[in-house]
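Some notes on the structure that comes next.
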Amino acid sequence: EPSDYAKAFVATHPGFMNSADVVASYQRPGSCEETAPSVKALPMNEFNEGEVQKSVDVRVNAFAVPAERTTYVDIALNWPDDSAELFHLVSAEVLIDKKKNLHHFVIRGCSEIFPEELVGK
Numbered sequence: 006e007p008s009d010y011a012k013a014f015v016a017t018h019p020g021f022m023n024s025a026d027v028v029a030s031y032q033r034p035g036s037c038e039e040t041a042p043s044v045k046a047l048p049m050n051e052f053n054e055g056e057v058q059k060s061v062d063v064r065v066n067a068f069a070v071p072a073e074r075t076t077y078v079d080i081a082l083n084w085p086d087d088s089a090e091l092f093h094l095v096s097a098e099v100l101i102d103k104k105k106n107l108h109h110f111v112i113r114g115c116s117e118i119f120p121e122e123l124v125g126k
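Take the sequence shown: its letters are residues 6 to 126, numbered as in this note's numbering.
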């Protein structure tokens, strides 16, 4: 549960300028304890004892970065393990060879299997 400070705090959008009144009325929290949550959350991205852990590699094949400044691309990937109907992704490591060109990506699931000639493209 959030602290009393967090419950009362109203965040502003970073792209909008605050009024002078809002800026002048801001009061910095008195201590770190004041902003600490009242209840500590459970750990995330950890496996339960005895739970099956798997690791897979999924690769995009030779993607040519377009000349346009902003580009949105869908790339078909099949999950390389059919030993279960449902998997939960709890962690990922991304290896990028063109770091300056990637801002973010979105992973979406699909129940269909893509034809092999479309995978990684």
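C-beta: ideal position from N, C-alpha, C; glycine also.
Beta-carbon proximity of residue i to residue j, cut-off 7 Å
{"i": "G125", "j": "V61", "result": "no"}
{"i": "N50", "j": "V95", "result": "yes"}
{"i": "N106", "j": "V70", "result": "yes"}
Beta-carbon separation (whole angstroms), residue i vs residue j, contact threshold 8 Å
{"i": "S88", "j": "E39", "result": "About 49 Å separates the two Cβ atoms, so there is no contact after all."}
{"i": "V63", "j": "E6", "result": "Contact flag wrong, Cβ pair sits at about 37 Å."}
{"i": "Y10", "j": "P34", "result": "6 Å"}
Residue i (DSSP reduced to helix, strand or coil)
{"i": "V63", "result": "coil"}
{"i": "V28", "result": "helix"}
{"i": "C37", "result": "helix"}
{"i": "A11", "result": "helix"}
{"i": "K105", "result": "helix"}
Bridge-paired residues (DSSP) for residue i
{"i": "V124", "result": "A81"}
Min CB distance residue i to chain C below 7 Å
{"i": "R113", "result": "Protein chains in the displayed structure number just one, and chain C is not present."}
Task: Three CB pairs or more closer than 8 Å across the region 113–120 and the region 81–100 - done: yes
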